[in-house]
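What follows is a set of notes on a single structure, which appears directly below.
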């Protein structure tokens with residue numbers, strides 16, 4: 003889902019929607035269940051029985067998301083349960099966000115809603131509009147790392163839509179092998195690799211600042227290391243109790259960005275994202291900080307080279323705290339006032355199973371591991387995605403900050419460009435970002451600002 007992830011990174015359109023925290027009049031969750039009618043199967047809350055008569059559920063989903071993988075799952079749901087899925091396409095970006103909020107306020111929401119997890123989801127006030135799934139047995143299938151991104155006050159309001167992604171370092175495995183390099187576990191090891199790559203006449207770190215959103219990745223991908231050193235940072239940051247400039251672990255991301263300048267391609271200010279991918283595949287550039295949705299772009303344009311692209315987590319300063327910053331999959335929630343609550347539960351009960359993820363993989367290659375327990379990657383998964391598995395298996399992952407806080411200053415791309423290009427010091431860049439966030443927090447009306 004490249005466009006969805008890019009919107010998370012681009013920020014300006016996406017985070018603006020959090021300004022409109024809605025006041026709604028959703029009634030209690032039982033009202034929808036009582037409207038199910040006489041076509042109920044013999045069990046409730048996600049049982050295995052098939053309905054005698056067809057039930058149609060409408061799924062509201064943005065038109066920028068590929069639905070082939072989801073349709074592979076919904077086709078099976080129809081075969082098993084006689085539940086049809088009607089895809090209700092909406093615009094993406096800010097226009098689509100406003101449409102979702104309007105539907106919720108007016109009481110015209112579809113049975114199921116596909117939407118970003120994290121702070122964007124929480125801006126919809128899920129406790130007012132969506133069914134509390136905390137005690138549903140099928141939610142035991144979902145990894146705990148996903149649940150906070152769709153929770154309010156400890157209650158869970160959505161299941162995952164598919165695979166995760168990561169903010170990480172893509173690298174050319176052949177060049178690494180030719181130069182005798184190992185995947186770095188610390189930032190110093192990464193810099194040592196950079197020196198060896200540079201000495202071999204290649205670009206160690208690919209910069210594509212022409213597309214300014216790409217300049218943010220080193221900062222954003224460092225959040226695993228931030229939370230390892232400052233576990234309460236997300237909450238403190240949101241509540242104006244912590245700043246990037248005054249929190250050493252958070253400032254470190256800006257410092258790391260600045261430290262990579264000597265290793266960038268000379269034309270990093272005019273290089274685009276697409277050109278960066280070509281450099282990585284060709285081996286003229288060896289490492290590229292990026293979201294792993296780039297693997298799908300590489301597969302589409304350079305299918306013969308996809309097996310040569312690996313992935314490693316952005317290292318911290320200590321090898322014993324090496325982990326991956328994860329972009330969680332989108333959320334699928336059940337509208338509290340749906341007339342088909344039982345069928346929607348049955349639908350979601352199947353959707354969050356290893357079998358459903360396997361069906362999805364037949365039509366859409368995962369761009370990261372699944373967040374459904376027991377779901378395995380297909381044999382033909384990208385090598386880079388397979389490289390991510392050990393982090394998940396060892397519980398060495400953390401959601402990106404934007405999944406834990408509604409604050410993400412809209413000017414971060416330009417601030418990151420200035421930091422990476424050495425136009426401003428890391429300290430000044432962090433202060434500039436803190437000011438950017440302060441403006442946004444006041445616009446959102448967040449307490450404490």
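In the working numbering, the protein residues as written are 3 to 451.
Just so you know, even glycine gets a beta-carbon here, dropped at the ideal spot from N, CA and C.
Shortest Cα-Cα distance from residue 267 to any of 290, 256, 257 and 246 involves 290. Shortest Cα-Cα distance from residue 388 to any of 402, 371, 396 and 432 involves 371. Between the C-alpha atoms of residue 286 and residue 200 there is a straight-line separation of about 11 Å. For residue 239, the enclosing alpha helix (DSSP H) has its first and last residue at 235–240.
Residue 167 places its beta carbon 7 Å or farther from that of residue 415. Exclusion of the five residues before and after residue 195 leaves 183 and 186 as the residues of its chain whose Cβ lies within less than 6 Å of its Cβ. Sixteen is the threshold: when 16 or more other Cβ atoms of the shown chains lie within 10 Å of the Cβ of residue 433, as they do, the residue is buried.
In the pairwise beta carbon analysis, the region 135–152 is classified as not touching the region 80–100: fewer than three pairs are separated by under 8 Å. Taking C-alpha positions only, residue 124 is separated from residue 349 by approximately 23 Å.
Within the same chain, and ignoring the five residues on either side of residue 231 in sequence, the residues whose Cβ sits closer than 7 Å to its Cβ are 251. Residue environment for residue 255: buried (at least 16 other C-beta atoms within 10 angstroms of its C-beta). Residue 169 is positioned such that its CB atom lies closer than 7 Å to that of residue 327. Only residues of its own chain outside the window of five on either side were considered, and among them 435, 438, 439 and 442 have a CB closer than 6 Å to the CB of residue 411, listed in chain order.
C-alpha of residue 102 to C-alpha of residue 157: approximately 21 Å in a straight line.
Around the Cβ of residue 431, a 10 Å sphere holds 16 or more other Cβ atoms; the residue is buried.
Taking the Cα of residue 129 as reference, the smallest distance to any Cα among 421, 353, 339 and 393 is reached at 339.
Per DSSP, reduced to three states, the secondary structure at residue 92 is strand.
For residue 349, the enclosing alpha helix (DSSP H) stretches over residues 343–353. Taking a C-beta distance under 7 Å as the contact criterion, residue 214 and residue 419 qualify as a contact pair. Close CB contacts of residue 60 within its chain, under the 6 Å cut and outside five residues either way in sequence, are with 88, 90, 112 and 113 (chain order). As the crow flies, the alpha-carbon of residue 212 is around 7 Å from that of residue 270. The residue from 288, 422, 138 and 293 with its alpha-carbon nearest to that of residue 178 is 288. Using a Cβ-Cβ distance cut-off of 8 Å, the region 273–283 and the region 203–212 are in contact, since at least three pairs of beta carbons, one from each stretch, lie closer than that value.
If you draw a straight line from the Cα of residue 353 to the Cα of residue 136, it comes to about 16 Å.
Burial check for residue 298: the Cβ neighbour count within 10 Å reaches 16 or more, so the residue is buried.
Around the C-beta of residue 237, fewer than 16 other C-beta atoms lie within 10 Å, and the residue is accordingly described as exposed. Taking 7 Å as the cut-off, the beta carbon of residue 404 is found closer than this to the beta carbon of residue 120. Our two residues, residue 253 and residue 347, have alpha carbons roughly 44 Å apart in a direct line.
Close CB contacts of residue 84 within its chain, under the 8 Å cut and outside five residues either way in sequence, are with 52, 53, 54, 55, 56 and 57 (chain order). Residue ranges of uninterrupted alpha helix (DSSP H) with 4 or more members, entirely inside the region 240–297 and ordered along the chain, are 250–261 and 275–284. Counting only runs of 3 or more residues that sit fully inside the region 347–426, the beta strand (DSSP E) segments are 399–401, in chain order. The residue among 116, 62, 176 and 106 with its C-alpha nearest the C-alpha of residue 332 is 116. Sequence-distant Cβ neighbours of residue 417 in its own chain, meaning closer than 6 Å and more than five residues away, are 431, 434 and 435.
7 Å or more divides the Cβ of residue 377 from the Cβ of residue 392.
For residue 228, same chain residues with a beta-carbon under 6 Å away, outside a window of 5 residues either side, are 235, 251 and 252 in chain order.
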